[in-house]
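Numbering (the working numbering), first residue to last: 44 to 171. To start, the structure itself, in structure tokens.
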């Protein structure tokens, strides 16, 4: 029998998160490490329902929305721009990935004293 002493142990590949069906569509229950994340943003909780990620963003709402427009475009997504401000002051950024079925939506809104980005990362998007 060959010896396995000193041989590297394979590192298991982490499994992608689960998926959830929402009014927006089916989403991943997380975002991949490659998804743009504004420096200084932190995961936060809101009672707004399921999302791929909910982040407090250290910026004004409009500034954060514009950051996502630029960052998603730089990451290879097709972004038409940010819609808003809406009556509640929020902005919505819709993007399509390299695959036409990959849809992403980032809603940036004021929640108390925080700007909060709620990210819906479509289940048709690759998770890597």
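Backbone N, C-alpha and C fix where the C-beta goes; we use that ideal spot for every residue, glycine too.
Between the CA atoms of residue j and residue i - distance to the nearest angstrom
{"i": "residue 153", "j": "residue 88", "result": "13 Å"}
{"i": "residue 157", "j": "residue 84", "result": "11 Å"}
{"i": "residue 110", "j": "residue 72", "result": "23 Å"}
{"i": "residue 150", "j": "residue 159", "result": "8 Å"}
{"i": "residue 132", "j": "residue 68", "result": "24 Å"}
{"i": "residue 129", "j": "residue 107", "result": "15 Å"}
Which residues DSSP lists as bridging residue i, in chain order
{"i": "residue 153", "result": "158"}
{"i": "residue 64", "result": "69"}
Pair within 7 Å by beta-carbon distance, residue i and residue j
{"i": "residue 172", "j": "residue 125", "result": "What the structure shows of the chain is the stretch from 44 to 171, and residue 172 is not part of that stretch, so it cannot be assessed."}
{"i": "residue 127", "j": "residue 134", "result": "yes"}
Given residue i as reference, the closest of the options once Cα atoms are compared
{"i": "residue 97", "options": "167, 80, 105 and 103", "result": "80"}
{"i": "residue 58", "options": "140, 118, 75 and 147", "result": "75"}
Cβ-based burial, residue i [other Cβ within 10 Å; buried from 16]
{"i": "residue 138", "result": "buried"}
{"i": "residue 161", "result": "buried"}
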